[in-house]
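A short worksheet on the structure shown next.
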């Protein structure tokens, strides 16, 4: 569906033996190592989606400003301009959450909840902003020439990989003591 530039496939190990000297970390600590690597993956990977949303916003503003209906730019229509404002709001809120999570990790602080908040915010912002961009572009937003449909397709799996949105909510809930 999306992410055509990412080679994603299952990996299976059967009867695979790893020599002790090749082991990563201490025996029995694999879950901890995996959780730490997932924090880095979530924060670094999802920072790229901020760039996608930035480009999407720029293209949508340009389209809405250039597209005329009834002798005026569609950007002057309140329904259109409010959608664009919401796209900007989601982008900047997600950006701040990603920056905070990365900063905490850089400081060596516990960032589990912040990384999950950032991942969840970026995932949901990317999908909703992609839907809004396609809607604002109208019929041509669905065509490959605009790139909007590709951004929509690429945003959909963000709620699945690197831990689903439900997993992120569970991690956040646990950190909140729920």
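Residue numbers (this note's numbering): 1 to 178. Quick reminder that beta carbons are idealized off the backbone N, C-alpha and C, glycines included. Keep in mind that this is a model prediction, so the values were computed, not measured.
Could you spell out where the alpha helix (DSSP H) holding residue i opens and where it closes?
i: residue 170; result: 165-175
i: residue 31; result: 30-66
i: residue 154; result: 148-155
i: residue 132; result: 112-137
i: residue 102; result: 78-106
How would you call residue i, buried or exposed, if buried means at least 16 neighbouring beta carbons within 10 angstroms?
i: residue 46; result: buried
i: residue 35; result: exposed
i: residue 149; result: buried
i: residue 84; result: buried
i: residue 37; result: exposed
i: residue 152; result: buried
i: residue 106; result: exposed
If contacts are defined as beta-carbon pairs under 8 Å, then residue i and residue j qualify, I think. What distance do you get, rounded to the angstrom?
i: residue 91; j: residue 57; result: 6 Å
i: residue 80; j: residue 64; result: 6 Å
i: residue 112; j: residue 43; result: Their Cβ separation, rounded to whole angstroms, is 11 Å, which puts residue 112 and residue 43 out of contact at 8 Å.
Going by C-alpha distance, which of the options is nearest residue i?
i: residue 59; options: 146, 123, 131 and 73; result: 146
i: residue 155; options: 106, 131 and 107; result: 131
i: residue 68; options: 138, 165, 162 and 33; result: 138
i: residue 39; options: 101, 165, 141 and 178; result: 101
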